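These notes are about the structure you will find just below.
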Amino acid sequence: MIKVGIIGVGTVGTSVAEILRDNADMISARAGVDIIVKSGVVRNLSKKRGLDIAFSDSVDDILDDEEIDIVVELMGGVEEPFEVVKKALHAGKAVVTANKALLAYHRYELQAIAKDIAFEYEASVAGGIPIINALRDGLSANHIESIMGIMNGTCNYMMTQMTNDGVAYDAILKESQELGYAEADPSFDVGGFDAAHKLLILASIAYGIDAKPEDILIEGIQNVTQEDISFAKEFGYAIKLLGIAKKDANEVELRVHACLISQDEMIAKIDGVMNGISVIGDKVGETLYYGPGAGGDATASAVVANIIDIARSGKSAPMLGFNRPMEGDKLTLKPTANIESKYYLRVSVTDKAGVLASITKIFESHNISVETMLQRSSDNESANLLISTHIAYERDIQAMIDELEALDFVNARPVMIRIV
Numbered sequence: 001m002i003k004v005g006i007i008g009v010g011t012v013g014t015s016v017a018e019i020l021r022d023n024a025d026m027i028s029a030r031a032g033v034d035i036i037v038k039s040g041v042v043r044n045l046s047k048k049r050g051l052d053i054a055f056s057d058s059v060d061d062i063l064d065d066e067e068i069d070i071v072v073e074l075m076g077g078v079e080e081p082f083e084v085v086k087k088a089l090h091a092g093k094a095v096v097t098a099n100k101a102l103l104a105y106h107r108y109e110l111q112a113i114a115k116d117i118a119f120e121y122e123a124s125v126a127g128g129i130p131i132i133n134a135l136r137d138g139l140s141a142n143h144i145e146s147i148m149g150i151m152n153g154t155c156n157y158m159m160t161q162m163t164n165d166g167v168a169y170d171a172i173l174k175e176s177q178e179l180g181y182a183e184a185d186p187s188f189d190v191g192g193f194d195a196a197h198k199l200l201i202l203a204s205i206a207y208g209i210d211a212k213p214e215d216i217l218i219e220g221i222q223n224v225t226q227e228d229i230s231f232a233k234e235f236g237y238a239i240k241l242l243g244i245a246k247k248d249a250n251e252v253e254l255r256v257h258a259c260l261i262s263q264d265e266m267i268a269k270i271d272g273v274m275n276g277i278s279v280i281g282d283k284v285g286e287t288l289y290y291g292p293g294a295g296g297d298a299t300a301s302a303v304v305a306n307i308i309d310i311a312r313s314g315k316s317a318p319m320l321g322f323n324r325p326m327e328g329d330k331l332t333l334k335p336t337a338n339i340e341s342k343y344y345l346r347v348s349v350t351d352k353a354g355v356l357a358s359i360t361k362i363f364e365s366h367n368i369s370v371e372t373m374l375q376r377s378s379d380n381e382s383a384n385l386l387i388s389t390h391i392a393y394e395r396d397i398q399a400m401i402d403e404l405e406a407l408d409f410v411n412a413r414p415v416m417i418r419i420v
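Numbering (the working numbering), first residue to last: 1 to 420.
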């Protein structure tokens, strides 16, 4: 019999315990052993949870319990769960976590501690989609050329409603909060940080890149307007918040931001709160993974799958999927300034003679070639210039935006969205 202790019996933790209880016969058949939840740690002991397990408000009651074989960490946060997980591993207990923030900052330290002790984390990225196992196991024969995906359901829901129903950003953010898709403080989701944590985990498995969130390009969807969406539709694009990892020679670029992506791409067709991740391997080509990226049952499904895997073998492959440096330890993180892309810009200007010529001259001075340009009046005295470029360097675009912002006929800092 395998006994499990859950640290953090909230929405996901409760669902984990319910799945192990309700599907016990099927799970035992697949695992080859009975699996039960012995105890759980909660902050509020007075709250009723409908589970027949022992509850405590001290993590030590699980960490010091010699009968507990697997610790499921669902606390949230970074440093506190890091200490808890370290103690569990040092005690020889297998660990399953859904904590993407923990792994975004401490995945390499935890791999070094875990060694042959099973440490699984499928639920940390894209909820119920088995993307971790796909990268670590199913695609292990491939050099991964790129990973690109919708990794945050809140942002995808908001962009879908803005695109399909013409809803303004502020209105759909409020609705998302009312529906429970967005938190009271939504910055972690809409600012791109949630997706960035997930991208870093996938990039470590694919490339062995040890980067922190502070090291990579992270932007959100806060500045996207209906005018941008209208431009995107006119030229055959959809706007999505994407996490992108791409190998270029011996460098890997990692970035999270809103993108204009062709409506013909499968990723562009993924709407609502769903997640979708495209992975291109050098031998298999493109594979696409689609499903619910959040929610108690979907996330708990991935947690329980990890518990079953551990019960079958008792050990696991290296946590990140490699025993020696990936790619001969030659891959490095590409500096953000050196990223190349096409770009879309929205520039609010005073509507007067000579403005267009001045804007064009500034583009030319920064070695940026214009592909399309539209002018749309916003009121009697102002206009929006909607511009797309050919491929340019990030450093040149940012320098140009700084110069444009300083001009007396430019009304606000230009908005830029990269084109995939």
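We treat Cβ as the ideally placed atom computed from N, Cα and C, and that holds for glycine.
Since we're looking at a predicted model, the values are computed, not measured.
Query, Result
"Please state whether DSSP places L179 in a helix, a strand or coil.", "helix"
"Is it right to say S204 is buried, meaning 16 or more other beta carbons lie within 10 angstroms of its own, or is it exposed?", "buried"
"Reducing DSSP to helix, strand and coil, say where H422 ends up.", "Missing from the structure shown is residue 422; the chain here goes from 1 to 420 and no further."
"Could you check if S377 is buried or exposed, using at least 16 other CB atoms within 10 Å of its CB as the buried criterion?", "exposed"
"If you draw a straight line from the C-alpha of I144 to the C-alpha of G243, how long is it?", "15 Å"
"What's the gap between the Cα of G321 and the Cα of N367?", "42 Å"
"Give me the Cα-Cα distance between I267 and H197, rounded to the nearest whole angstrom.", "20 Å"
"Considering only C-alpha positions, which residue in the set I307, G296, G272 is nearest to Y290?", "G272"
"Could you check what DSSP says for P292 in three-state terms: helix, strand or coil?", "strand"
"Can you name, in chain order, every residue of its own chain whose Cβ lies under 7 Å from the Cβ of F188, other than the five neighbours on each side?", "D194"
"Measuring CA to CA, which of E66, E67, V37 is closest to A54?", "V37"
"Answer yes if the segment 91-106 comes into contact with the segment 61-77, meaning at least three C-beta pairs across the two stretches below 8 Å, and no otherwise.", "yes"
"Answer with buried or exposed for H423, where buried requires no fewer than 16 other C-beta atoms within 10 angstroms of its C-beta.", "The requested residue 423 does not occur in the structure, where the chain is confined to residues 1 to 420."
"When DSSP labels each residue in this structure, what does V224 get in the three-state scheme?", "coil"
"So R413 packs on E405, CB below 8 Å; how close in whole Å?", "5 Å"
"If we ignore side chains and look at the alpha-carbon of each, how far apart do A114 and K247 end up?", "28 Å"
"Output yes or no for whether 8 Å exceeds the beta carbon distance between L74 and A101.", "no"
"Quick one: Cα of Y121 to Cα of G149, how far?", "18 Å"
"Ordered along the chain, which non-local residues of its own chain (more than five positions away) have a Cβ less than 7 Å from that of D57?", "V41, V42, R43, L45"
"Select from L103, E183, V190, G295 the residue whose C-alpha is nearest the C-alpha of E219.", "V190"
"Per DSSP, what are the beta-bridge partners of E286 in this structure?", "I280"
"Where do the N-terminal and C-terminal ends of the beta strand (DSSP E) with F55 fall, by residue?", "54-56"
"Assuming the contact rule is C-beta atoms closer than 8 Å, A31 and R312 should be a hit. Round their C-beta distance to whole Å, please.", "6 Å"
"The alpha helix (DSSP H) spanning Y207 covers which residue range?", "193-207"
"Based on the DSSP output, what are the partners of S313 in its beta bridges?", "Note: S313 sits in no beta bridge, so no partner."
"Please state the DSSP three-state secondary structure of A392.", "strand"
"What do you get for V284, buried or exposed, if any count of 16 or more other CB atoms within 10 angstroms of its CB means buried?", "exposed"
"Is Y108 helix, strand or coil when you go by DSSP?", "helix"
"Could you tell me whether the segment 210-226 touches the segment 299-310, using the rule of 3 or more Cβ pairs below 8 Å?", "no"
"Whole angstroms are fine: how far does the CA of D228 sit from the CA of L374?", "12 Å"
"Check whether the Cβ atoms of I6 and A17 sit closer than 8 Å, and answer yes or no.", "yes"
"Could you give the first and the last residue of the continuous beta strand (DSSP E) run that contains K269?", "Neither: K269 is in no beta strand (DSSP E) and is coded neither H nor E."
"Comparing alpha-carbon positions, which option in E183, D170, G77, D22 lies nearest G8?", "G77"
"Locate the beta strand (DSSP E) running through T97, then write down its first and last residues.", "94-97"
"Assuming A168 and A206 are in contact, meaning their beta carbons sit under 8 Å apart, how far apart are those beta carbons, in whole angstroms?", "A168 to A206, Cβ: 37 Å. No contact."
"For the beta strand (DSSP E) holding Y157, just list the boundary residues, first then last.", "Careful: Y157 lies outside any beta strand (DSSP E), inside the alpha helix (DSSP H) at 153-165."
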